[in-house]
Amino acid sequence: MVNGVFMMLAAVFSWFYDEDVLGQIILAGTVAIGSGGIIMFLTRNHRKEIQKREGYIIVTFGWVFMALIGTLPYIFTGAIPNFTNAFFETMSGYSTTGATILTDIESLPNGILFWRSITHWIGGMGIIVLAIAILPLLGIGGMQLFAAEAPGPSGDKLHPRITDTAKRLWLIYVGYTLAETILLKMAGMSFFDAINHSLSTLGTGGFSTKNASVAYWNDKPMIQYILILFMFLAGTNFVLSYFAFKRKFQKIFKDEEFKMYGLFVVGLTTIAALLIYFEADVSASSIAHPMVWGPAESAFRHALFQVVSLITTTGFISADYTMWTPFLTIFFFGMMFLGGSAGSTSGGIKVMRHLIMIKNGVLEFKRTLHPHAILPVRYNTKAVPQPIVFNILGFFILYMLSFIIGTLVFSWLGLDFKTALGGAASTLGNIGPGLGNLGPVDTYANLPSAAKWWSSFLMLIGRLELFTVLILLTPFFWRNR
158 MVNGVFMMLA AVFSWFYDED VLGQIILAGT VAIGSGGIIM FLTRNHRKEI QKREGYIIVT
218 FGWVFMALIG TLPYIFTGAI PNFTNAFFET MSGYSTTGAT ILTDIESLPN GILFWRSITH
278 WIGGMGIIVL AIAILPLLGI GGMQLFAAEA PGPSGDKLHP RITDTAKRLW LIYVGYTLAE
338 TILLKMAGMS FFDAINHSLS TLGTGGFSTK NASVAYWNDK PMIQYILILF MFLAGTNFVL
398 SYFAFKRKFQ KIFKDEEFKM YGLFVVGLTT IAALLIYFEA DVSASSIAHP MVWGPAESAF
458 RHALFQVVSL ITTTGFISAD YTMWTPFLTI FFFGMMFLGG SAGSTSGGIK VMRHLIMIKN
518 GVLEFKRTLH PHAILPVRYN TKAVPQPIVF NILGFFILYM LSFIIGTLVF SWLGLDFKTA
578 LGGAASTLGN IGPGLGNLGP VDTYANLPSA AKWWSSFLML IGRLELFTVL ILLTPFFWRN
638 R
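When you read off a place in the sequence shown, starting at 1, and then add 157, the result is the number in my numbering.
What follows is the structure, given as structure tokens:
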């Protein structure tokens with residue numbers, strides 16, 4: 158039903174721009190609202206208690222059915238008549254991956270372009286609520302640590318009730334979206350482009366209204382700096398944004414994950430900027446107007462943009478970074494395995510998990526020297542329970558296994574090694590651009606149908622923290638209690 162309401166919002170844009178597809182978008186919204194209403198009516202008297210098993214099923218199949226319903230505007234309007242392609246595009250939208258099968262985005266009706274962007278926005282906020290309200294209760298991938306740090310039973314929680322927590326985060330999310338739209342409009346974007354890119358940015362998605370993505374505005378550096386700022390904010394724990402609005406800045410600067418997140422951005426941007434300035438030809442890799450404020454600023458801006466875009470898993474591009482140097486190609490590929498902060502709209506492994514794994518690794522050296530000493534892993538001065546450390550290590554191993562299996566399946570389906578490698582890392586990490594034939598200036602249009610379905614599966618498990626979906630594939634999950 159919520160999907161249907163947002164389809165009606167897309168219909169408003171279609172009506173405003175006097176497009177022929179208005180009726181089809183309204184029909185898609187009517188079908189979505191109607192079918193949701195019928196299901197709600199038929200299940201109104203069912204038991205509302207949810208156990209862990211039901212939680213896994215609701216989250217996984219909720220996302221799948223959301224994607225199935227989300228294909229209706231594409232299919233009804235004929236924008237993407239093929240169901241496989243429509244499902245891929247919708248799953249890419251809701252999972253905030255930003256990979257696309259469209260080869261000429263600018264030819265689409267504005268109502269469809271808006272629907273495409275709003276799927277990022279819906280998926281992004283859904284992930285924040287998921288991270289705060291649901292995954293910690295299910296014990297997914299170490300997210301219970303985030304629950305303890307943010308909305309848990311301490312005095313720092315946003316509000317005792319999860320619903321009120323979600324409302325406060327919605328307000329921040331909407332506020333950021335409006336602020337970015339206004340700033341992008343002031344910087345030179347049209348209102349329609351500004352609202353679409355704001356929806357994509359806050360969801361860390363990457364869908365653009367232009368074929369060249371953000372490189373279309375390489376002649377307007379201020380637009381790219383605004384996008385960088387909001388990509389960084391979207392990749393930050395949204396609870397920290399709440400603390401910032403409450404003027405509790407000390408909590409932000411004491412947060413270890415935020416400090417490492419900032420350190421990643423600063424350090425990686427410095428390395429990339431120096432390499433781009435001294436070794437890469439930015440003019441050859443930029444789609445238009447590469448140097449407005451000089452070569453030094455251009456190198457810094459492109460480095461910062463790509464670093465923030467990849468770490469936050471947004472996937473916007475300002476240049477084809479695979480055309481710079483082989484080292485920079487591998488350098489940016491490695492960033493696909495970082496991810497933003499826990500409690501953000503970013504995909505990937507997450508900075509918090511990397512931090513705890515590094516700390517645990519360092520402690521292993523100390524434990525080797527002092528086998529009888531009790532040396533707990535500490536995060537934000539608090540000892541991390543051992544089960545959570547094991548959970549995070551297990552998540553990392555499962556993530557890397559999923560990446561390896563994903564690459565092997567892509568290779569089996571006919572993709573070359575470089576393309577298979579980039580495709581698996583990009584879809585599993587919800588990033589968008591990959592390597593080879595799936596690089597920053599390419600699309601997923603030429604993938605075989607089976608590879609598109611496999612990509613959709615990787616996007617889903619990556620977005621829902623692996624365990625949520627993969628546990629449904631285990632036989633013991635379905636056995637009687």
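Think of the CB as a built atom: it goes at the ideal place given N, C-alpha and C, for glycine as much as any other residue.
Starting from residue i, follow the alpha helix (DSSP H) in both directions and report where the run begins and ends.
i	result
residue 246	240-251
residue 400	395-402
residue 352	348-359
residue 605	No alpha helix (DSSP H) holds residue 605; DSSP gives it neither H nor E.
residue 210	209-227
residue 429	413-436
residue 634	Taken as a continuous stretch (DSSP letters only), residue 634 belongs to no alpha helix (DSSP H), as it is neither H nor E.
residue 192	179-199
residue 626	624-627
residue 483	483-492
Any idea what DSSP makes of residue i, helix, strand or coil?
i	result
residue 536	strand
residue 167	helix
residue 365	coil
residue 302	A caution first: residue 302 carries a pLDDT of 39, below 50, which makes its placement in the model unreliable, though a value can still be read off. If DSSP states are grouped into helix, strand and coil, residue 302 belongs with the helices.
residue 498	coil
residue 503	coil
residue 379	helix
residue 174	coil
residue 337	helix
residue 460	helix
residue 452	helix
residue 386	helix
residue 517	helix
residue 618	helix
residue 324	helix
residue 158	coil
residue 689	Nothing in the structure corresponds to residue 689, since the chain is present only between 158 and 638.
residue 202	coil
residue 265	coil
residue 512	helix
residue 237	coil
residue 258	coil
residue 405	coil
Leaving out five residues before and five after residue i in sequence, what residues of the same chain have Cβ atoms less than 6 Å from its Cβ?
i	result
residue 265	236
residue 479	486, 596
residue 302	Annotation note: pLDDT 39 at residue 302 (below 50); position unreliable, no value reported.
residue 305	In this prediction, residue 305 has a pLDDT of 37, which is less than 50 and means its spatial position is unreliable; nothing more can be read from the coordinates.
residue 602	258, 260
residue 457	430
Leaving out five residues on either side along the sequence, give the residues of the same chain with a beta carbon under 8 Å from the beta carbon of residue i.
i	result
residue 392	361, 418, 465, 468, 469, 470, 471, 497, 498, 501, 502, 503
residue 345	374, 377, 379, 380
residue 532	520, 523, 524
residue 634	210, 213, 628
residue 399	315, 325, 326, 329
Excluding five sequence neighbours on each side, which residues of the same chain lie with their C-beta closer than 7 Å to the C-beta of residue i?
i	result
residue 477	442, 596, 597, 598
residue 186	161, 164, 165, 168
residue 238	232
residue 229	185, 188, 189
residue 630	none
residue 312	Below a pLDDT of 50, predicted positions are generally treated as unreliable, and residue 312, at 34, falls in that range; no measurement from the model is reported.
residue 510	299, 549, 552, 553
residue 251	220, 223, 224, 227, 276, 279, 280
residue 488	429
residue 593	573, 575, 576, 579
residue 613	244, 245, 248
Looking at the ligand ATP, does it come within less than 7 Å of residue i, judged from the CB to the closest heavy atom?
i	result
residue 624	You won't find the ligand ATP in this model; it holds no ligand whatsoever.
Contiguous alpha helix (DSSP H) assignments of at least 4 residues, all confined to the stretch 521-603: 543-569, 574-585
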